[in-house]
Every structure is written in C-alpha cells, then in structure tokens.
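Chemist: Please see the structure below; I have some questions.
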Amino acid sequence: MNINGQTEVLGIIGNPVRHTLSPLIHNMLSELMERNIVYLPFEVKQNLKDAVKGAYELGITGMNVTVPYKTDVIPYLVETEELAEQIGAVNTLVRTQTGYAGYNTDIIGLLRELESEKVPLLGQHVVILGAGGAARATAFLCAKKKAASIVLLNRTIEKAEAIVCDVQNFLDKAINGSDTVITARPLEQYNMLNERTYIAFQCTQLGLYPQTDAVVIEDEQFYQKIMCGIDLIYNPAETKFMKLVKKAGKRAYNGLKMLLYQAVSAYEYWNDLKVPEEIIEKVYKQLLVELGQVGEMDD
Ligand code: NAP
Numbered sequence: 009m010n011i012n013g014q015t016e017v018l019g020i021i022g023n024p025v026r027h028t029l030s031p032l033i034h035n036m037l038s039e040l041m042e043r044n045i046v047y048l049p050f051e052v053k054q055n056l057k058d059a060v061k062g063a064y065e066l067g068i069t070g071m072n073v074t075v076p077y078k079t080d081v082i083p084y085l086v087e088t089e090e091l092a093e094q095i096g097a098v099n100t101l102v103r104t105q106t107g108y109a110g111y112n113t114d115i116i117g118l119l120r121e122l123e124s125e126k127v128p129l130l131g132q133h134v135v136i137l138g139a140g141g142a143a144r145a146t147a148f149l150c151a152k153k154k155a156a157s158i159v160l161l162n163r164t165i166e167k168a169e170a171i172v173c174d175v176q177n178f179l180d181k182a183i184n185g186s187d188t189v190i191t192a193r194p195l196e197q198y199n200m201l202n203e204r205t206y207i208a209f210q211c212t213q214l215g216l217y218p219q220t221d222a223v224v225i226e227d228e229q230f231y232q233k234i235m236c237g238i239d240l241i242y243n244p245a246e247t248k249f250m251k252l253v254k255k256a257g258k259r260a261y262n263g264l265k266m267l268l269y270q271a272v273s274a275y276e277y278w279n280d281l282k283v284p285e286e287i288i289e290k291v292y293k294q295l296l297v298e299l300g301q302v303g304e305m306d307d
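Residue numbers for the sequence shown, in this note's numbering: 9 to 307.
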C-alpha cells in the first residue's frame, strides 16, 4: 500500500470495533481494484453526532456503521434510503454535497448470498429464529421479495411482534398490499409450524465461536420441516444449526458471503463501480484463510 497525498479514507464506526473483518475486506478490495484508498476502524465510545460530523469535515469518503450505532446514526444523516429507514438500521454512509446519506447493505448482502446459492424467496415459506437487528433485516428482505409467509420465533415474543408490526406497515404502504402473511410466535412453539417446508434463517448469536455447541432449537423434528437453512453466523464455518439442517438431508449455508457481499455493496456505493465476481472470489478465499476455515466445509 502506497499512502500519499491523494489517498482517500474509508472506515467503520462502532464500539467495540477492533475485532471487525471489514478493514481486511475493504483494503483487499482496494488493492485488487487498484484504488488509492485506505479503510480504518474508528472506535466511537460516545458522542456519535460529533464523530459523524467530524468524519464528514475531515473529508472521509464513506463509512460503515456497526453495533451499537446502526439505528442511532440515522438522525445525523442528510437522507436515508427508504428501505433502510423502514428497517430502522443503516450500516453504510455515502458522502454527498451536504452530509452523509444512509443505506443498509446488510440486506443487499443477504440477498446477494441467497442469489449466489440459488435460494429463492418468492412464494416461499420462511421461518426466522430471533428478533434482533439481523432478524429484522431478514424479515424485511423476505417481505420485499414476496415470500408467501414469514414466521418469527423468538424467546422474547414482544420483540418479534414489534418486527411483525413494522413489516406489516411496510407491506401495506411500500408494497401497496401484499399476500405475504407475517406472524410472531414464542420460540417454544416451534413445533406448531404447519407448512410442509420452510427456508430457515438462524438470526440469534447461539452457536457463535467459542460457544459452538449451542443452538436455539435442539429438536431434530424441527429440522425435518426445513428445506434450506441459512445461519447468519460465519464463525465457525459450520454451526450446530447447520449440522442439524444437514443431518436432516437439507442444504445449509453460513453468513460469510452475506458479510462479504454487504462490504462489496458498500464499496460499490462509495466508488460508483461494480466489483467483478473474480475479485469477490479472491477476497472470499482470503477470508477463509483468515478465519482458518480452508477445507473445513464438505461442500
Ligand atoms: P441482537 O440484535 O442482539 O439479537 C439477538 C437475538 O438472539 C435476539 O432475538 C435474542 O432473543 C436471541 N437470543 C440471544 N440469546 C438467546 C438464547 N440464549 N436463547 C434464545 N434466543 C436468544 O443480534 P443481531 O445483531 O441480530 O445478530 C445476531 C447474529 O447475527 C449474530 O451472531 C451476528 O454475528 C449475526 N450477524 C451476521 C451478519 C453477517 O453479515 N453475516 C450480519 C449481522 C448479524 P431475545 O430477543 O429474547 O433477547
């Protein structure tokens, strides 16, 4: 990397933020795309408003935003893309003439992962485990892509109900009426799913390294109803949820491609370009090396 007077700066704000893989992904993208850009983590302990204003005044081209600021950052932006506003979460700030505009590329990242693995949402029955930020984005994506039904299963039912309410509003307004049926249920009612097969999204942190033996639903009967499982966790490469889906004879994927594609989509916004698939593939392989996951998955 040759840093000089022309080098542009990108970064990520969050707290904590030192563990993030984003600098690795973005700096590799810049190297492969031959761009004179450096990407840095910025740990913002307090005063998010000043951090956003300061970044803008310093000429920073674009920022990612991570936990705990994805919602709190919205008031400090000059505009927020409609879907990001509906979800209530922004993870990408794009520089404009008057301030930063906010986007949600987590949702685009998940969609691009599903497309690359040939998992359709249109007309499908979906079950989402969890009702945090990731589950919320997943529910909006499934609604936008016209899934036939979405069931949110969560330990705290009120949080699942709040997402159902917001997605229903979105369906009524933005999609102008839709046939998608969205409901919330307490986690322990997982055995009351009545459609024959579901696409399941695992959106809790259960199973995340180092607690790799944890899973939100242990009962193998549940996995008989799953035709495909996507765990948003990417470390370990194969979570217990994925093992149970595979044991039931179905396809399972982790969240590494989602992570990579959300970064690629942000990079494309910042630089107004399209990253070629062969470059995305190179970065993916490097991520597997960094995470010690080369050769860990059977397929
Ligand atoms: P979050 O907002 O904190 O939500 C966590 C969810 O997990 C909540 O619904 C919570 O239930 C549930 N949960 C936690 N402990 C539980 C337990 N012991 N039993 C049952 N449910 C439990 O987290 P998030 O931001 O949505 O992230 C969730 C996961 O997605 C994380 O592992 C994160 O790494 C992953 N993720 C991946 C990507 C990617 O790019 N691949 C992007 C975003 C997130 P309650 O509501 O009852 O507390």
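C-beta atoms are modelled at their ideal positions from N, C-alpha and C, and glycine is treated no differently.
In chain order, what are the residue ranges of uninterrupted beta strand (DSSP E) at least 3 long that sit wholly in the region 105-132?
Modeler: 108-111
Chemist: Is the closest heavy atom of ligand 1 to the C-beta of cysteine 150 under 7 Å?
Modeler: no
Chemist: If you follow the beta strand (DSSP E) that leucine 48 is part of, which residue opens it and which one closes it?
Modeler: 45-51
Chemist: Which class does aspartate 221 belong to by DSSP, given the choice of helix, strand or coil?
Modeler: coil
Chemist: Which term fits lysine 293, buried or exposed, when burial requires 16 or more other beta carbons within 10 angstroms of its beta carbon?
Modeler: exposed
Chemist: Would tyrosine 77 and isoleucine 21 qualify as a contact pair, given that the criterion is a beta-carbon distance under 8 Å?
Modeler: Going by C-beta atoms, tyrosine 77 is nearer than 8 Å to isoleucine 21.
Chemist: Using DSSP with H/G/I as helix, E/B as strand and the rest coil, what is valine 102?
Modeler: strand
Chemist: Do leucine 296 and methionine 266 have their C-beta atoms closer together than 8 Å?
Modeler: Contact: no.
Chemist: Only counting the same chain, and skipping five residues up and downstream in sequence, which positions put a Cβ closer than 6 Å to that of lysine 254?
Modeler: Ala260
Chemist: Could you check whether alanine 256 and tyrosine 231 sit closer than 8 Å to each other, using their CB atoms as the reference points?
Modeler: yes
Chemist: Going straight from the alpha carbon of leucine 122 to that of threonine 104, what length do you get?
Modeler: 30 Å
Chemist: Based on Cα-Cα distance, which residue from Gly107, Leu29, Gly140 lies nearest to glycine 62?
Modeler: Gly107
Chemist: Is glycine 67 helix, strand or coil by DSSP?
Modeler: coil
Chemist: Output the distance between the C-alpha atoms of glutamine 301 and lysine 181, rounded to the nearest integer angstrom.
Modeler: 43 Å
Chemist: Tell me whether isoleucine 261 counts as near ligand 1, meaning its Cβ is closer than 7 Å to at least one heavy atom of that ligand.
Modeler: Reading off the sequence shown, one finds tyrosine at residue 261, where the question assumed isoleucine. Flag unset: Cβ of tyrosine 261 not near ligand 1.
Chemist: What residue does the beta strand (DSSP E) around proline 194 start on, and which one ends it?
Modeler: Counted as a single uninterrupted DSSP element, the beta strand (DSSP E) harbouring proline 194 occupies residues 189-194.
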